[in-house]
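Down below is the structure, laid out as structure tokens.
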Amino acid sequence: MSPAAPNGARVPAFVRALRWILYALLLAAAALTLAGLPELQRAVAAGHWPRATLAIPPALVAVFIAGYATYRFALVRAGRYPAGKALVQLGLMVLMVAVIAGIALERGQATPDAPVDLARALASADPDARAMAAELARHRPREVSERLVPGLVELAADPVPEVRRQARASLAALAGEDAGGDGPDAPARWRAFWRARGLIRR
């Protein structure tokens, strides 16, 4: 039997169940906001997820607030809770979700740090810089690495053995085979290989 309020009103059974649902929803929203929001922001900044994904944490909080408002409204109607206190709590919660949404969207607009320009490093006068750039080239996203192919082909004839080795390793990794090999004719073989694939025009 539902408990009766002092004024005789009864609290609906669904309100008592809603309390536990709200607890679970609040925990989920807090966990996603505290633990998941930074990861979502990084993914959005890197272009892996649409910016609308950042709305998920504040949306969960908004759903919690809507449920909480329903819960408190039912208690106020039953005379179990002061109306003024309920309105103040709801006002604070709305402010909270606005702040969370603002932080999420603002950080989602942040531009990630620009990666090192490997094309410039491949043409560096420092052989260590050339070797490091040639090595890093194969670890970048493929669309970025493919733009570095002409510079890597030039380094296949570099006078420094380590630079040649790293350039060859990156070219082979991108090609899926060691099509150019090593030696004086390696640049010509690599150039012909990539010209056939449209990455080198000359």
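Take the sequence shown: its position 1, counting from 1, is numbered 1 in UniProt numbering, and each next residue is one higher. In this text, a Cβ means the ideal position worked out from N, Cα and C, and glycines have one as well.
Can you find the residues in the same chain that come closer than 7 Å, C-beta to C-beta, to residue i, ignoring five residues on each side of it along the sequence?
{"i": "residue 191", "result": "153 and 200"}
{"i": "residue 155", "result": "122, 130, 134, 163, 164 and 167"}
{"i": "residue 93", "result": "65 and 68"}
{"i": "residue 151", "result": "119, 122 and 123"}
{"i": "residue 20", "result": "none"}
Going by CA-CA distance only, name the one from the options that's closest to residue i.
{"i": "residue 140", "options": "170, 157, 57 and 29", "result": "170"}
{"i": "residue 176", "options": "184, 158 and 142", "result": "142"}
{"i": "residue 89", "options": "72, 59 and 39", "result": "72"}
{"i": "residue 182", "options": "158, 38, 36 and 20", "result": "158"}
{"i": "residue 99", "options": "55, 151, 188 and 189", "result": "55"}
{"i": "residue 146", "options": "116, 132 and 197", "result": "197"}
Can you list, in chain order, the residues of its chain whose CB lies under 8 Å from that of residue i, leaving out five sequence neighbours each side?
{"i": "residue 83", "result": "76"}
{"i": "residue 189", "result": "179, 180 and 181"}
{"i": "residue 91", "result": "none"}
Would residue i and residue j be called neighbours here (beta carbons separated by less than 9 Å)?
{"i": "residue 95", "j": "residue 118", "result": "no"}
{"i": "residue 160", "j": "residue 127", "result": "yes"}
{"i": "residue 149", "j": "residue 194", "result": "yes"}
{"i": "residue 49", "j": "residue 40", "result": "yes"}
Please report the Cβ distance between residue i and residue j, rounded to the nearest whole angstrom; I am assuming they are in contact, meaning their Cβ atoms lie under 8 Å.
{"i": "residue 57", "j": "residue 24", "result": "Contact doesn't hold; Cβ gap of about 16 Å is too wide."}
{"i": "residue 186", "j": "residue 180", "result": "5 Å"}
{"i": "residue 22", "j": "residue 68", "result": "6 Å"}
{"i": "residue 53", "j": "residue 18", "result": "At roughly 28 Å, the Cβ-Cβ gap does not stay under 8 Å, so residue 53 and residue 18 are not in contact."}
Below 6 Å CB to CB, which residues in the same chain sit around residue i once its five sequence neighbours on both sides are set aside?
{"i": "residue 124", "result": "130"}
{"i": "residue 111", "result": "Legend: pLDDT at residue 111 = 44, less than 50; position of this residue unreliable, value from coordinates given subsequently. Contacts found: none."}
{"i": "residue 43", "result": "49"}
{"i": "residue 178", "result": "172"}
{"i": "residue 86", "result": "72 and 76"}
{"i": "residue 132", "result": "none"}
At what residue ranges does the segment 35 to 95 contain a whole run of the alpha helix (DSSP H), taking only runs of 4 or more? Taken in chain order, the complete alpha helix (DSSP H) segments of 4 or more residues contained in the segment 35 to 95 are 37 to 45 and 56 to 77.
If we require 4 or more residues per run, which alpha helix (DSSP H) segments fall completely within the segment 109 to 172? 118 to 122, 127 to 137, 142 to 147 and 149 to 155
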